[in-house]
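For reference, the structure discussed in these notes is given below.
In this note's numbering, the protein residues as written are 63 to 216.
Here it is in structure tokens:
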């Protein structure tokens, strides 16, 4: 009986600490704070994720974010979509406008149905966001030929 009470008490504490999603209610994605590297034809592709090399890419980026996850999309937008932005790791107004430009282009090309809101998130990634391909695992300089990979899944 004592262990049942302890289990019930622990469950009640967990339920209070970890909010459970209601069926049919979308949960906001967490901020991307790193990237996962994938081997693709011709090199390596990086995708923003929660944590390094976790594959947890149900995350988003917007104004105020800073770090390597932001750098991944900046390099990719510059190399793959011709956006004139620096890869300074700072999601500021220029990066926000570049994401808007890319979202509008993805809507035009793929009829992606993206909100042109300047935020990178799961819908923008799944809508055909292009990622730069790097010749080696360790470099931040993309392939010279501008080769990009469009990861639409999962």
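Glycine is no exception: its CB is placed at the ideal position from the N, C-alpha and C atoms.
About 20 Å separates the beta carbons of residue 148 and residue 165, which is beyond the 8 Å limit, so they are not a contact pair.
The C-beta of residue 186 has 16 or more other C-beta atoms within 10 Å across all chains shown, which makes the residue buried. Between the alpha carbons of residue 179 and residue 157 lies a distance of about 12 Å. Collapsing the DSSP output to three states places residue 162 in a helix. Taking 8 Å as the upper bound for CB-CB distance, residue 211 and residue 102 are in contact here, some 5 Å apart. Below 8 Å, too few C-beta pairs join the segment 113-127 and the segment 137-144 to call them touching: fewer than three. A residue is called buried when at least 16 other Cβ atoms come within 10 angstroms of its Cβ; residue 201 does not meet this threshold and is exposed. Distances from the CA of residue 196 to each of 100, 92 and 151 were compared; the closest alpha carbon is that of 100.
When DSSP states are grouped into helix, strand and coil, residue 151 belongs to the coil group. Contact check for residue 152 against residue 134 fails: the beta carbons are separated by 8 Å or more. Only residues of its own chain outside the window of five on either side were considered, and among them 143 have a CB closer than 7 Å to the CB of residue 167, listed in chain order. Residue environment analysis places residue 204 among the buried positions, since at least 16 neighbouring C-beta atoms fall within 10 angstroms of its C-beta.
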